[in-house]
Amino acid sequence: MGPVRTSQGANRAERPQLEPLRRSDPARIGPYLLLGRLGAGAMGRVYLGRSTAGRLVAVKTIREEYAEEPDFRDRFAHEVTAARRVSGVFTAAVVAADAEAEVPWLATAYVPAPSLSRLVETCGPLPVAAVRWLAAGCAEALESIHGVGLVHRDLKPSNVLVSLDGPQVIDFGVSRAVERIQLTATREALGTPAYMAPEQAREARRTTAASDVFSLGSTLLYAATGHAPYRGDTTVDVLVRLATEPPDLSGLPRELAGPIGRCLDRDPANRPTPAALLSAIAATMRYEDGEGARSLPAAAVEMIEEYRRRPQPAEPVDAESTFGSQPGLPALPPLPRPDPAPLSIPPEPTPAHVTRSFDRRLLAVLVALAAIVLIGGGILLGTVLDGGSPPASQGQGSNQPDGPPPGPPPGPPPGNAPRSGPPSLKINQPFGDSATTPVVSGRGWKPGTIITVRVQDGKTSPDHTVVDHSGSFNYTVNQHDELFAGSLPVGTMVLVVTGSDGTAEQVTFQVNG
708 MGPVRTSQGA
718 NRAERPQLEP
728 LRRSDPARIG
738 PYLLLGRLGA
748 GAMGRVYLGR
758 STAGRLVAVK
768 TIREEYAEEP
778 DFRDRFAHEV
788 TAARRVSGVF
798 TAAVVAADAE
808 AEVPWLATAY
818 VPAPSLSRLV
828 ETCGPLPVAA
838 VRWLAAGCAE
848 ALESIHGVGL
858 VHRDLKPSNV
868 LVSLDGPQVI
878 DFGVSRAVER
888 IQLTATREAL
898 GTPAYMAPEQ
908 AREARRTTAA
918 SDVFSLGSTL
928 LYAATGHAPY
938 RGDTTVDVLV
948 RLATEPPDLS
958 GLPRELAGPI
968 GRCLDRDPAN
978 RPTPAALLSA
988 IAATMRYEDG
998 EGARSLPAAA
1008 VEMIEEYRRR
1018 PQPAEPVDAE
1028 STFGSQPGLP
1038 ALPPLPRPDP
1048 APLSIPPEPT
1058 PAHVTRSFDR
1068 RLLAVLVALA
1078 AIVLIGGGIL
1088 LGTVLDGGSP
1098 PASQGQGSNQ
1108 PDGPPPGPPP
1118 GPPPGNAPRS
1128 GPPSLKINQP
1138 FGDSATTPVV
1148 SGRGWKPGTI
1158 ITVRVQDGKT
1168 SPDHTVVDHS
1178 GSFNYTVNQH
1188 DELFAGSLPV
1198 GTMVLVVTGS
1208 DGTAEQVTFQ
1218 VNG
């Protein structure tokens, strides 16, 4: 069944309110007063929080059973430290965390925007220009994440928020700390079957930056068609198809077949890097001219504007079920199988996409039985099949099981040159009330430049950020009351941003009463 389309009026009337706190929920986490539940996931709950000065944040707590595992808190702190170095324009900034709290938590800037999954479910598949626009932003987000030694591991439509200024990739930076527990206990794959790479489904240790590129291709396919590359009634159905079949590209516009098809190559070495994907997309569009945002359907724009007016809950934890977040799924063993046919992109859907030969059915049943065996005795079987040791990482951007090394972030990957063009600034929204947390984003700045923000004729922030290797940065205004002692003053706020190399730009934000 295709995505459900509803009128703009129905969207507004039927959209649920922010879920209230329950008796078991804390009233505060760290310095943040909790206002309600944004959602819940496999790693914990997510709340909408407000700082003492009224800044909104998304606060994610970690499940108690994870926090009690030996060394988890150290790994969590290490991952959060790396995540806080991610300063790309298209990633939600990590602003605070506490690995030593009774319930570990981290807070990110609250992004008032719907997820891609909810947007497509409500408004239908997006036009080609809008998909290219999303692809450019998400590819740049992966550049920022990979540039500090992180791998996202669960990129999917519900982890991409869509604002009129571009996508925001969320939920990076803590999955590896949790993954270590699951690897030790069950050898399970962390991620979402319908969107994960084949090597990730077989063994979480195989997950690399190239696996994120596969997940990006899956996410973009969903944006363009309304369906994932692998579908099924059960998780095992999805995993079997992931192990034995090419992705389902039915309904994919011909203009997008090339870049998305390359992202979905079964061989990690053949997938493009985020930088290469970005270069290919840049040849067909200019991000700065707003082409993608203007191509969004009217209903999608109305939905995004509604999120800017008031907070909305995230999808339920099981919203994507076999298409969604189900960490802790049985990993497919690397069983012998015939080499898949080269990826073909038919001009139109044909019955071959939905019919199966007798041999294909037999192979699927055998793999499904093997997966069931793995559930019951997975540790022994997985160890035997892999020769008793974890496989070496494959493809680009490989990560060792112990995670990124401490210290400064590594340099950009080969071929990932700093973005050219004059320095520019954007603000995530041009206006808001005194409790709004505007985010200033820079592009085209010199990598490594230290950024200082001040209010024109006012205070200079003591907090600084550093331009990443792609020439981008994010700065969340007044998140820690660094520019104003309380709420933002009513009127026009002019923010002057200066780099340590002398570059200076400014941007304005209108604070309404």
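Each position in the sequence shown, counted from 1, maps to that position plus 707 in this note's numbering.
The beta-carbon is built from N, C-alpha and C at its ideal position, and this holds for glycine as well.
By the C-beta criterion, the region 872-879 is judged not to be in contact with the region 938-949, since fewer than 3 inter-stretch pairs fall below 8 Å.
Per DSSP, Tyr739 is one residue of the beta strand (DSSP E) stretching across Tyr739 to Ala747. A residue is called buried once 16 or more other Cβ atoms fall within 10 Å of its Cβ, and Val802 is buried on that count.
Residue range Thr942 to Thr951 is occupied by the alpha helix (DSSP H) that includes Val947.
For Ser794 against Ser1179, the beta-carbon gap comes to about 7 Å, under 8 Å, which counts as contact. Relative to the Cα of Trp1152, the nearest Cα in the group Ala1005, Leu1132, Val1162 and Thr798 belongs to Leu1132. The region 805-879 contains, as complete beta strand (DSSP E) runs of 3+ residues, the segments 812-816, 867-870 and 873-876 (chain order). If you compare the alpha carbons of Met1200, Thr1183 and Ile1158 with that of Gly1209, the shortest gap goes to Ile1158. Taking C-alpha positions only, Leu959 is separated from Ala931 by approximately 6 Å. No Cβ-Cβ contact shorter than 8 Å links Leu728 with Leu745.
Around Tyr1014, the same chain offers Pro819, Ala820 and Pro821 as residues with beta carbons nearer than 7 Å, after the five sequence neighbours per side are excluded. Counting every other CB atom within 10 Å of its CB across the protein chains shown gives His1171 a total below 16, marking it as exposed. When DSSP states are grouped into helix, strand and coil, Met903 belongs to the coil group. Counting other Cβ atoms within 10 Å of its Cβ, Thr815 reaches 16 or more and is therefore classed as buried. Contact between Arg839 and Gly999 holds: their C-beta atoms lie close to 6 Å from each other, under 8 Å.
The residue among Glu910, Ser824, Pro733 and Gly1139 with its C-alpha nearest the C-alpha of Val1184 is Gly1139. Residue ranges of uninterrupted beta strand (DSSP E) with 3 or more members, entirely inside the region 1156-1184 and ordered along the chain, are 1157-1162 and 1180-1183. Taking the C-beta atoms as reference points, Pro975 is found no nearer than 8 Å to Ser925. Collapsing the DSSP output to three states places Gly751 in coil. Comparing alpha-carbon positions, the option among Val1201, Thr1199 and Glu1212 lying closest to Pro1129 turns out to be Glu1212.
Pairwise C-beta distances place the region 998-1012 out of contact with the region 848-866, as fewer than three of them are shorter than 8 Å.
Judged by DSSP in its simplified three-state form, Phe783 adopts helix.
In the DSSP annotation of this structure, the continuous segment of the alpha helix (DSSP H) that includes Ser922 starts and ends at Ala916 to Thr932. In this structure, the beta-carbon distance from Leu1190 to Ser1168 falls below 8 Å. Distances from the CA of Thr829 to each of Gln1136, Ile1011, Gly1149 and Thr1199 were compared; the closest alpha carbon is that of Ile1011. Rounded to the nearest whole angstrom, the CA to CA distance from Gly844 to Asp972 is 21 Å. Under the criterion of beta carbons closer than 8 Å, Ile769 and Gly756 do not qualify as touching, at roughly 15 Å. In this model, Arg762 and Gly1193 are separated by some 10 Å (Cα to Cα).
CA-CA distance, Pro979 to Gly1198, rounds to 46 Å.
Of the residues Leu1202, Thr798, Ala804 and Leu946, the one whose Cα lies closest to the Cα of Leu868 is Thr798. Excluding five sequence positions before and after Gln1163, the CB atoms of its chain that fall closer than 6 Å to its own CB belong to Val1201 and Val1203, given in chain order. Using a 10 angstroms sphere on the CB of Asn866, the tally of other CB atoms reaches 16 or more, which defines it as buried. Taking the Cβ atoms as the reference, Ala935 lies roughly 4 Å from Ala901, within the contact range of under 8 Å. In the structure shown, Glu726 falls within a strand segment according to DSSP collapsed to helix, strand and coil. With a threshold of 16 other beta carbon atoms within 10 Å, Pro966 meets it and is buried.
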